[in-house]
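A.B. asks: Just passing along the structure, written as structure tokens.
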Ligand code: NAD
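In our numbering, the protein residues as written are 945 to 1372.
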């Protein structure tokens, strides 16, 4: 990944500016939507296992809540920046609007590397994050969730702290909790399965039989693992996945021409989504450099790791065979690479649609928590499929009607809904 001067918030703003021009938004609405409504920066002091104290930096951005309480994950990452959090919060606003759920956009983060923190120290960060912001988050204000390197256990510690501070039960405060502790069945699968549902719909449009299609995926974390499983269930073979290797401080691609065996790979994958290279080789899986996922001879590419992965520098390496890109990650494609893909006629399912399954299921989790009645997994997944499929169809219908690139159609629908909510409330 080339970190370079890439600034995800500038990218998110430039994507927005383009659509603001198309929608002819007035100056006030533009200014309001180009920035987070509110953002919080704070310090989190944590007592470490060796008795010392370390101070971590935490953030929360609330981009827009005109359509409902803010919603968005909390990321633990050593390279977390406020601009990454701002970008992700803005994308959450468009994402909730794309799938038409009554929530706004938020995002949080902590600069830390859980690889080097004990469970006790991670608990300290979770509780400290909530202590700093407890008055500004909650079921009717702003609802956090997991993101990169955070998981259901982190969410439960955060819920416990929030409830202790407020002196009440409030399971709708946070989503992605463990099942049995307020979590929804299907939430773990939701984002990856959601990617699969929209890929299935796109393949119908492209006239490609799922069982004849090959896919390459970047990442092997939550999104990627379940994307592989659902694609396999449609008959689509995934010829490679990739992941970060903490020990070597580099990434690797794990490839198998006749399709990877997801369960076998999972048995040698740690909870950060890193696959053991030696054990993979012993299984007959080819271990290639990390960037090899992008130039595979496949029909479908799914970047599902981090932002800024398909860039002006590597977009030309994408095979002519690729007909479809589904953005499992947030912001994986830079505008420069995007215009090349658009010109080449690659069908793109943009991040705010492709990976919206997670927030959709988080919304279901909130609804279940608020009513204290939990649905069976089949019901969750069939509601998820229906929501993702209808959002995909709405975006595709507009793109056909107005001859628009899918990303533009998606943004036109979602930004317009949020702008209208701001106007209807009398904000602008
Ligand atoms: P995760 O932490 O579970 O997994 C991330 C994966 O990416 C891991 O396999 C890691 O090894 C790999 N990775 C990291 N850096 C890499 C690199 N340079 N090259 C190759 N692989 C690399 O995270 P996740 O939850 O699967 O999220 C992945 C992306 O999807 C992120 O952009 C996240 O914001 C987005 N997303 C996640 C959800 C969700 O519900 N989990 C929802 C919407 C969007």
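Positions of the beta carbon are idealized from the N, C-alpha and C atoms, including for glycine.
In this text, all values refer to a predicted model and were calculated from it rather than measured experimentally.
Is residue 1164 buried or exposed, if buried means 16 or more other CB atoms sit within 10 Å of its CB?
C.D. replies: Taking the first residue of the chain shown as position 1, residue 1164 is located at position 220. Its Cβ being crowded by 16 or more others within 10 Å, residue 1164 is buried.
A.B. asks: Spell out a yes or no on whether the region 1124 to 1137 and the region 1198 to 1209 are touching, meaning 3 or more CB-CB pairs, one atom from each, closer than 8 Å.
C.D. replies: no
A.B. asks: Note the first and the last residue of the continuous alpha helix (DSSP H) segment covering residue 1073.
C.D. replies: Taking the first residue of the chain shown as 1, we reach residue 1073 at position 129. Run containing residue 1073: 1063 to 1077, per the alpha helix (DSSP H) assignment.
A.B. asks: Compute the minimum distance between the beta carbon of residue 1072 and the heavy atoms of the ligand NAD, and state whether it is under 6 Å.
C.D. replies: In the chain shown, counting from the first residue as 1, residue 1072 sits at position 128. Checking the Cβ of residue 1072 against the ligand NAD gives no.
A.B. asks: Just the C-alpha distance for residue 1366 and residue 1372, rounded to the nearest angstrom, thanks.
C.D. replies: Locating residue 1366 in the chain shown gives position 422, where the first residue counts as 1. Locating residue 1372 in the chain shown gives position 428, where the first residue counts as 1. Rounded to whole angstroms, residue 1366 to residue 1372 spans 6 Å at the Cα level.
A.B. asks: Pop quiz: residue 1093 and residue 1021 are said to be a contact at Cβ under 8 Å. What is the actual Cβ separation, rounded to whole angstroms?
C.D. replies: Here residue 1093 refers to the residue found at position 149 when the chain shown is read from its first residue. Here residue 1021 refers to the residue found at position 77 when the chain shown is read from its first residue. With a Cβ gap of about 6 Å, residue 1093 and residue 1021 count as contacting.
A.B. asks: Quick one: is the Cβ of residue 1335 within less than 6 Å of any heavy atom of the ligand NAD?
C.D. replies: As a first step, residue 1335 must be located in the chain shown, where it is residue number 391. Not under cutoff, so the answer is no.
A.B. asks: Considering only residues of the region 953 to 995, which uninterrupted alpha helix (DSSP H) runs meet the minimum length of 4 residues and lie entirely inside it, listed in chain order?
C.D. replies: 971 to 978
A.B. asks: Please return the same chain residues whose Cβ sits closer than 8 Å to the Cβ of residue 1190, not counting the five positions on each side in sequence.
C.D. replies: Indexing the chain shown from 1 puts residue 1190 at position 246. 1059, 1216, 1218.
A.B. asks: In the DSSP assignment, find the beta strand (DSSP E) that holds residue 1282 and state where it starts and stops.
C.D. replies: In the chain shown, the residue the question calls residue 1282 occupies position 338. Counting along the chain, residue 1282 falls outside any beta strand (DSSP E), though it belongs to the alpha helix (DSSP H) covering 1279 to 1288.
A.B. asks: Determine the burial state of residue 1126: buried for a count of at least 16 other Cβ atoms within 10 Å of its Cβ, exposed for fewer.
C.D. replies: Locating residue 1126 in the chain shown gives position 182, counting from the first residue. When all chains shown are included, residue 1126 counts as buried.
A.B. asks: Going by DSSP in three states, residue 1216 sits in which element: helix, strand or coil?
C.D. replies: As a position in the chain shown, residue 1216 is number 272, starting the count at 1. Residue 1216 falls in the coil class under three-state DSSP.
A.B. asks: Where are the alpha helix (DSSP H) runs, 4 residues long or more, that stay fully inside the region 1080 to 1113, in chain order?
C.D. replies: Counting only runs of 4 or more residues that sit fully inside the region 1080 to 1113, the alpha helix (DSSP H) segments are 1096 to 1110, in chain order.
A.B. asks: Around the C-beta of residue 1181, are 16 or more other C-beta atoms found within 10 angstroms, so that it is buried, or is it exposed?
C.D. replies: By 1-based counting over the chain shown, the position of residue 1181 is 237. Label assigned to residue 1181: buried.
A.B. asks: Using a threshold of 7 Å, state whether the C-beta atoms of residue 1373 and residue 1349 are closer than that.
C.D. replies: Because the chain in this structure spans residues 945 to 1372, residue 1373 falls outside the shown range and cannot be described.
A.B. asks: Is it the case that the CB of residue 1187 approaches a heavy atom of the ligand NAD more closely than 6 Å?
C.D. replies: Position 243 of the chain shown, counting from 1, holds the residue named residue 1187. Within the cutoff, so yes.
A.B. asks: Would a C-beta distance cut-off of 7 Å place residue 1249 and residue 1271 closer than the cut-off?
C.D. replies: The sequence position of residue 1249 within the chain shown is 305, counting from 1. The sequence position of residue 1271 within the chain shown is 327, counting from 1. Cβ atoms of residue 1249 and residue 1271: not closer than 7 Å.
A.B. asks: Assign residue 1144 to one of two classes, buried (16 or more other C-beta atoms within 10 Å of its C-beta) or exposed (fewer than that).
C.D. replies: Along the chain shown, read from residue 1 onward, the residue named residue 1144 stands at position 200. So residue 1144 ends up on the buried side.
A.B. asks: When the distance is taken between beta carbons, is residue 992 closer than 7 Å to residue 1065?
C.D. replies: Translated into the one-based positions of the chain shown, residue 1065 becomes position 121. Translated into the one-based positions of the chain shown, residue 992 becomes position 48. In this structure, residue 992 lies closer than 7 Å to residue 1065 by Cβ.
A.B. asks: Nearest-angstrom Cα distance between residue 1076 and residue 1112?
C.D. replies: For the purposes of this step, residue 1076 is taken as the residue at position 132 of the chain shown. For the purposes of this step, residue 1112 is taken as the residue at position 168 of the chain shown. Cα-Cα distance, rounded: 18 Å.
A.B. asks: What residue from 1256, 1315, 1085 has the CA that sits closest to residue 1010's CA?
C.D. replies: On the chain shown, residue 1010 is found 66 positions in, with the first residue counted as 1. The shortest Cα separation from residue 1010 among 1256, 1315, 1085 belongs to 1085.
A.B. asks: From this set, 1139, 1082, 1099, which residue's C-alpha is nearest residue 1336's C-alpha?
C.D. replies: Position 392 of the chain shown, counted from the start, is the residue given in the question as residue 1336. Nearest of 1139, 1082, 1099 to residue 1336, Cα basis: 1139.
A.B. asks: Any chance the region 1257 to 1272 sits against the region 1223 to 1234, with 3 or more Cβ pairs inside 8 Å?
C.D. replies: no
A.B. asks: Flag this pair as yes or no: are the beta carbons of residue 1052 and residue 1117 separated by less than 7 Å?
C.D. replies: As a working mapping, residue 1052 is identified with position 108 in the chain shown. As a working mapping, residue 1117 is identified with position 173 in the chain shown. No. Outside cutoff.
A.B. asks: List the endpoints of the continuous beta strand (DSSP E) containing residue 1292.
C.D. replies: Numbered from its first residue, the chain shown carries residue 1292 at position 348. Taken as a continuous stretch (DSSP letters only), the beta strand (DSSP E) holding residue 1292 covers 1291 to 1293.
A.B. asks: Quick check on residue 1349: does DSSP put it in helix, strand or coil?
C.D. replies: Your numbering for residue 1349 matches position 405 in the chain shown. Correct three-state label for residue 1349: coil.
A.B. asks: Measure the alpha-carbon distance for residue 1070 versus residue 1061 and round it to whole angstroms.
C.D. replies: Here residue 1070 refers to the residue found at position 126 when the chain shown is read from its first residue. Here residue 1061 refers to the residue found at position 117 when the chain shown is read from its first residue. Each residue's Cα considered, the two are about 12 Å apart.
A.B. asks: What are the boundary residues of the alpha helix (DSSP H) that includes residue 1038?
C.D. replies: As a working note, residue 1038 is residue 94 in the chain shown. Start and end: 1026 to 1042.
A.B. asks: What residue from 1296, 1175, 1114, 1253 has the CA that sits closest to residue 1312's CA?
C.D. replies: Taking the first residue of the chain shown as position 1, residue 1312 is located at position 368. Among 1296, 1175, 1114, 1253, the Cα nearest to that of residue 1312 belongs to 1114.
A.B. asks: Measure from the alpha carbon of residue 1168 to the alpha carbon of each residue in 1078, 1183, 1201, 1023, then state which is nearest.
C.D. replies: The residue you call residue 1168 lines up with position 224 of the chain shown. Of the candidates 1078, 1183, 1201, 1023, the one whose C-alpha sits nearest the C-alpha of residue 1168 is 1183.
A.B. asks: What are the residues that DSSP puts in a beta bridge with residue 1005?
C.D. replies: Taking the chain shown and counting its residues from 1, one reaches residue 1005 at position 61. Answer is 983, 1051, bridged to residue 1005.
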